[in-house]
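Accompanying notes for the structure given below.
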Amino acid sequence: MSPVTLLPTLLDALTAFLIVLGGAFALIGSWGLARLPALMTRLHGPTKASTLGVGGIILASMLWFAHHGEGASSHELLITLFLFLSAPISANMIAKAYIHRRFRRCSAPEDVETELPAPPGERTDWATFGAPEPSETSERCET
Amino acid sequence: MIARLLPHPGLTAMLLVMWMIVFNSLNPGVALLGLVFAVLVPLFSAPFWPERARIRFGWPLLAYVLLVVWDIVVANFQVARLILFKRTRDFRPAWLSIPLELHSAEAITVLAGTISLTPGTVSVDISTDARHLLVHALHTEDPEAEIAQIKTRYERRLLEIFA
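Top to bottom, those sequences are chains C and X.
By my numbering, the letter at position 124 of the first sequence is numbered 124, and the numbering carries on one by one without gaps.
Positions in the second sequence are counted from 1; adding 1000 to them yields my numbering.
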């Protein structure tokens, strides 16, 4: 094979490899979401799918459109950027909602699960427990 | 004059680059309109960031981005192996409480985002005095070593970038 025909073949092979790699990681991430036992461990599955899974497919898309389509497209870079900005925040909000429901700090001490470590220091707690009450009549601690 | 017109040069540069990427062109007309917005948006959004972070753009920042990308790839393979081959009862999930030396909100946000993006760890919460970060690890044999690794690998570099 001459070098001129070899290069597109190599690029196609690389594109195919990246698609398979991305798909495999998205699949493993989803499998992790399904099989891991508790919410906090399950949360680790999707963060993986959204980084290397989507990353591989986006790289493949850039390669493919660079030599088959109407030229290189930079939009994939933006997809990656926005994904990397939003994925940690959604994981963070889910985790905060979880610990807020699971570990109540205002109930009797024996009800407080000891799994979650408190931050060292006298007058401090994790921010989700330490937020000021919305109003004086809040019934957050009554239940 | 320049400082008043461009209160946040980094933000201006970033907006212009993003504008060019959205339009996917290097056309001067596109660049000119982008420049208008890149100058106007920081001026009008100034009240939202009274104390802005000082970031050193340069080699340490680039090195940090490359390090994080590399770590994401490596950690993906590690976590994939855990998910595929480790029995559920052998998992040792752990809560890690990471003492912070970083002070600015922006630096802590970047650290928390980095921890969440690298598979195997998710940052959950920050203490009310902003001196500890709560992190959940999917599987760790030695929590102390995990904390030490996050501090030396990411936080020490961020201390140089956010000066």
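For each residue, glycine too, the CB sits at the ideal point set by N, CA and C.
Quick one: is residue i near chain D, going by C-beta distance under 7 Å?
i	result
L1134(X)	Looking at the structure shown, chain D is missing, and the protein chains on hand are C and X.
Compare the C-alpha of residue i against each of the options and name the closest.
i	options	result
V1124(X)	P120(C), A97(C), G130(C)	A97(C)
V1069(X)	H68(C), P8(C), F65(C), T80(C)	T80(C)
L52(C)	H68(C), I19(C), A66(C)	I19(C)
K144(C)	V1073(X), P1042(X), R1157(X), I1021(X)	A question about residue 144(C) goes unanswered here, because the residues of chain C that appear run from 1 up to 143.
S1097(X)	D125(C), H44(C), I28(C)	D125(C)
A26(C)	V54(C), S73(C), R101(C), F65(C)	V54(C)
F1037(X)	L1006(X), W1049(X), L1062(X), A1063(X)	L1006(X)
S86(C)	G56(C), F129(C), S50(C), R102(C)	S50(C)
Y1154(X)	A1112(X), A1046(X), W1049(X)	A1112(X)
L21(C)	W1095(X), P1119(X), N1076(X), R1089(X)	N1076(X)
A1094(X)	L1035(X), D1142(X), I1150(X)	D1142(X)
T1114(X)	P1009(X), T1088(X), S1025(X), Y1064(X)	Y1064(X)
A38(C)	P117(C), I94(C), A118(C)	I94(C)
V1079(X)	P46(C), A118(C), L10(C)	P46(C)
S982(X)	F1023(X), N1024(X), H1008(X)	Outside the shown range of chain X, which is 1001 to 1163, sits residue 982(X), and nothing can be said about it.
P1119(X)	F129(C), R42(C), H100(C), L6(C)	R42(C)
I89(C)	R1089(X), W1019(X), I1002(X), L1117(X)	L1117(X)
R101(C)	A91(C), F129(C), A24(C)	F129(C)
M40(C)	V1022(X), F1091(X), V1030(X), R1004(X)	F1091(X)
Using a Cβ-based criterion (distance less than 6 Å to any ligand heavy atom), does residue i qualify as near the ligand MN?
i	result
A1137(X)	The ligand MN is absent from the structure shown, which contains no ligands of any kind.
Could you confirm whether any beta carbon from chain C is found closer than 7 Å to the beta carbon of residue i?
i	result
N1027(X)	no
P1119(X)	yes
D1125(X)	yes
A1145(X)	no
A1080(X)	yes
I1161(X)	no
S1116(X)	yes
L1138(X)	yes
D1071(X)	no
G1113(X)	yes
D1129(X)	yes
I1021(X)	yes
V1068(X)	no
V1122(X)	yes
L1083(X)	Note on identity: in this sequence residue 1083(X) is Ile, with Leu being the wrong assignment. Yes, because at least one Cβ of chain C sits closer than 7 Å to the Cβ of I1083(X).
Q1149(X)	no
Would you please verify whether the beta carbon of residue i is less than 7 Å from any beta carbon of chain X?
i	result
T80(C)	no
P119(C)	yes
M62(C)	no
G130(C)	yes
H44(C)	yes
L83(C)	no
A127(C)	yes
P109(C)	Low local confidence applies: a pLDDT of 46 at P109(C) is under 50, so the model's placement there is unreliable, with the coordinate-based value given in what follows. Output row for P109(C): interface = no.
S30(C)	no
S74(C)	yes
T39(C)	Note on identity: in this sequence residue 39(C) is Leu, with Thr being the wrong assignment. By this cut-off, L39(C) is not an interface position.
L33(C)	no
L77(C)	yes
L59(C)	no
Note to self: Counting only Cβ-Cβ distances shorter than 9 Å, please list the residues of the stretch 3–28 of chain C near chain X, keeping chain order.
What the structure shows: A24, F25, I28
Notebook entry, point to check: Is the number of C-beta pairs between the stretch 1128–1145 of chain X and the stretch 1105–1117 of chain X that are closer than 8 Å three or more?
Noted result: yes
Next item on the list: Spell out a yes or no on whether the stretch 8–17 of chain C and the stretch 55–63 of chain C are touching, meaning 3 or more CB-CB pairs, one atom from each, closer than 8 Å.
Entry: yes
Notebook entry, point to check: For the stretch 1085–1101 of chain X, which residues have a CB atom closer than 7 Å to at least one CB atom of chain C, in sequence order?
Noted result: T1088, F1091, P1093, W1095, S1097
Check: What are the uninterrupted segments assigned as beta strand (DSSP E) that are 3 or more residues long and contained completely in the stretch 1066–1152 of chain X, given in chain order?
Finding: 1094–1099, 1121–1126, 1132–1137
Note to self: Any contact between the stretch 1089–1107 of chain X and the stretch 1155–1162 of chain X? By contact I mean 3 or more CB pairs, one from each, below 8 Å.
What the structure shows: yes
Next item on the list: Tell me, please, whether the stretch 1057–1073 of chain X touches the stretch 1081–1090 of chain X by the rule of three or more beta-carbon pairs shorter than 8 Å.
Entry: no
Item checked: Residues of the stretch 1033–1045 of chain X whose Cβ lies closer than 8 Å to any Cβ of chain C, in chain order -> none
Next item on the list: Could you name each continuous beta strand (DSSP E) segment of 3 residues or more that falls completely within the stretch 2–63 of chain C, going from the start of the chain to the end?
Entry: none
Margin query: Which residues of the stretch 88–99 of chain C have a Cβ closer than 7 Å to any Cβ of chain X? Give them in chain order.
Written below: P88, A91, N92, A95, K96, I99
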